[in-house]
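In my numbering, the protein residues as written are 12 to 621.
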């Protein structure tokens with residue numbers, strides 16, 4: 012491998028000398044001739060992975076190369092400090108390039124809203140290893156990071172969709188990630204020091220950062236290898252799934268294929284609703300949330316009521332749309348004081364049971380909730396009094412209905428109401444900071460109507476928030492360009508209700524001729540039991556649901572793009588666990604579901620997709 016790199020370096024030098032000599036000779040020949048034919052343009056020599064790239068790669072006035080670093084196979088992947096036993100090492104030769112794309116956002120040096128620009132970190136495999144693909148990775152949460160840092164690497168951290176470093180060194184594709192214009196780990200960057208909306212960084216976060224990454228990564232790959240990439244792919248989960256859909260909507264020429272998991276589109280709608288469980292606690296339970304034991308008891312009771320297939324309990328709910336479990340009528344979870352039979356410390360009162368129904372149903376403007384037998388909250392479209400969906404029954408509620416709110420939710424409500432004190436306080440580990448005030452946990456004082464107002468404000472502010480909701484159903488330009496989009500979402504997602512993806516997919520279908528029509532370029536999988544990531548998302552630690560892998564789904568996408576082989580039914584498996592043997596089931600294309608026929612309900616052969 013190192014010999015190939017050295018040979019390539021020599022070739023770069025030879026090409027550079029040849030190019031320079033050719034230009035000189037042509038100039039001499041043409042200097043005294045009035046009718047000489049203009050010389051054809053000479054191809055620029057490929058770039059080298061060294062300091063020369065800082066001046067050689069200048070695609071536009073806003074782009075600056077901050078750092079270029081070559082790693083040989085076995086080198087510790089560090090920019091500073093001393094390598095330790097846990098320091099990752101390079102699997103193969105690779106070149107890392109860090110870019111900054113301005114202009115950023117001016118302001119006080121200590122303000123979260125001040126930014127030098129968009130940081131982009133690109134990983135380039137050795138010439139002989141490049142598979143002619145670009146395969147970039149999306150971000151998570153608020154997507155800030157160290158992509159623009161001179162001392163830290165962003166791309167070596169693992170994620171549910173894999174790291175750019177591994178993608179470059181093991182797959183052999185050019186990969187990249189971006190900080191989307193900020194390094195802050197919360198929503199503070201999106202508010203100016205005077206408390207107004209930071210429209211510049213909202214734009215960088217929502218759309219411009221990912222588009223610039225696509226454009227600059229393509230340009231850098233062409234300059235480095237001397238040829239264009241043959242295929243370009245987006246691969247993202249959560250915020251990364253939203254980013255992939257934003258690219259399809261706003262910049263349809265950027266990628267040939269997009270893999271989008273648990274997309275965080277409908278951004279302000281579902282994130283505002285993520286605070287709803289905590290408002291239920293404040294308004295209905297006097298600020299005393301349910302304990303981890305109570306959440307586990309009732310959620311597992313829901314699983315037990317809705318997981319039966321072929322006479323066996325699966326341990327996870329295969330179809331939460333059909334689950335109408337109601338703890339308010341379940342004497343096995345209700346305390347004796349509420350006419351129940353449960354005498355444990357984890358029993359729930361009638362008021363607590365109602366609170367859980369509210370959390371499962373999702374946000375309403377007045378805290379009301381219908382009888383689950385009439386409406387369990389799982390509709391393709393939201394019900395008239397339902398602002399947004401809640402998490403599905405049986406899903407672990409610890410992330411949203413635990414002791415503290417999910418930080419992004421309180422941040423988002425603070426941004427919608429332009430009041431930083433609503434966000435979490437520094438003492439609670441959520442340091443939202445602004446010159447007009449820091450996070451002070453004032454979300455605790457909000458009524459149901461107040462949260463509904465924040466939800467409406469989030470929708471009304473879409474132009475200022477750079478259309479962060481990413482819910483435009485018109486994907487016609489992406490379809491016309493020949494792009495392919497593969498979406499997947501876990502039915503036990505612990506943070507983003509999968510109903511939001513169902514809602515959007517059906518809106519696209521209604522806009523573009525029906526589900527059969529959009530499946531020519533846009534396909535969708537729902538994964539029973541899957542969390543916000545490739546893991547068990549249920550309240551049952553022994554559920555062990557069959558799950559796909561990112562690699563498996565990415566292979567489906569590349570086969571669709573490169574071999575015109577549309578994805579269909581896929582077999583998914585999970586290994587044996589202490590709770591039982593390995594399991595498998597078919598993963599069906601939406602709107603199909605795995606329908607039990609006969610046999611072992613934990614084996615794929617016992618189902619058909621229909």
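Yeah, the Cβ is synthetic: ideal placement off N, Cα and C, and Gly gets one too.
Check, Outcome
"Sequence-distant residues of the same chain with beta carbon closer than 8 Å to residue 520, five excluded per side", "526, 528, 529"
"Residues of its chain near residue 455, where Cβ-Cβ distance is below 6 Å and the 5 sequence neighbours each way are ignored", "293"
"Three CB pairs or more closer than 8 Å across the region 189 to 208 and the region 122 to 130", "yes"
"Touch test, the region 326 to 337 against the region 558 to 570, Cβ-Cβ under 8 Å, three pairs minimum", "no"
"Residue environment, residue 695, which counts as buried when at least 16 other CB atoms sit within 10 Å", "In the structure displayed, the chain extends from 12 to 621; residue 695 sits before or after that span and is not available."
"Start and end residues, alpha helix (DSSP H) containing residue 111", "Where residue 111 is concerned, there is no enclosing alpha helix (DSSP H), although the beta strand (DSSP E) it sits in stretches over 105 to 112."
"Same chain, Cβ closer than 8 Å to residue 250, five either side skipped, listed in chain order", "149, 150, 151, 152, 153, 154, 275"
"When 468, 261, 566, 183 are compared against residue 579, the one with the closest alpha-carbon", "566"
"The region 467 to 485 touching the region 251 to 270, judged by at least three CB pairs closer than 8 Å", "yes"
"Backbone secondary structure at residue 334 - three-state DSSP", "coil"
"Chain D contact for residue 547 (CB, 9 Å cutoff)", "In summary, chain D is missing from the structure at hand, where a single protein chain is found."
"Where residue 160 falls: helix, strand or coil (DSSP)", "coil"
"Cβ separation of residue 338 and residue 364, assumed to be a contact under 8 Å, to the nearest whole Å", "4 Å"
"Alpha carbon of residue 194 to alpha carbon of residue 533, nearest angstrom", "33 Å"
"Proximal residues to residue 382 (C-beta, below 8 Å), its chain only, five neighbours per side dropped", "337"
"Distance, residue 406 Cα to residue 415 Cα", "18 Å"
"Where residue 362 falls, given that 16 or more other Cβ within 10 Å makes a residue buried", "exposed"
"Beta-carbon separation (whole angstroms), residue 597 vs residue 605, contact threshold 8 Å", "5 Å"
"Assigned exposure category for residue 507 - 16 Cβ within 10 Å defines buried", "buried"
"Test item: CB-CB of residue 166 and residue 287 under 9 Å", "no"
"Bridge partners - residue 78, DSSP secondary structure assignment", "109"
"Among 495, 355, 333, nearest to residue 342 - alpha-carbon criterion", "355"
"Unbroken alpha helix (DSSP H) run spanning residue 468, endpoints", "459 to 471"
"Residue 504 and residue 435 closer than 9 Å at C-beta", "no"
"Straight-line Cα distance separating residue 128 from residue 35", "Reliability fails at residue 35, whose pLDDT of 32 lies under 50, so the model's placement of it is uncertain and no value is given."
"Where residue 474 falls: helix, strand or coil (DSSP)", "coil"
"Top-ranked residue by Cα proximity to residue 272, from 451, 222, 225, 173", "173"
"Beta-carbon separation (whole angstroms), residue 180 vs residue 105, contact threshold 8 Å", "5 Å"
"Cutoff 8 Å; reference residue 374; Cβ partners in own chain excluding five residues on either side", "283, 284, 287, 397, 398, 399, 401, 462, 463, 466"
"Buried/exposed call for residue 391, threshold 16 Cβ in 10 Å", "exposed"
"Cut-off 6 Å between Cβ atoms - residues of its own chain near residue 497, not counting five sequence neighbours on either side", "270, 534, 568"
"Status (buried if at least 16 other CB within 10 Å, exposed otherwise) for residue 352", "exposed"
"Distance between beta carbons of residue 107 and residue 80, contact taken as under 8 Å", "5 Å"
"Cross-strand partners of residue 3 (DSSP beta bridge)", "The structure shown does not extend to residue 3, since the chain is modelled only from 12 to 621, so the question has no answer here."
"The alpha helix (DSSP H) enclosing residue 268, as first and last residue numbers", "Taken as a continuous stretch (DSSP letters only), residue 268 belongs to no alpha helix (DSSP H), being part of the beta strand (DSSP E) at 268 to 272."
"Chain-order list of residues whose beta-carbon lies under 7 Å from that of residue 545 (same chain, five-residue window excluded)", "171, 558, 560, 561"
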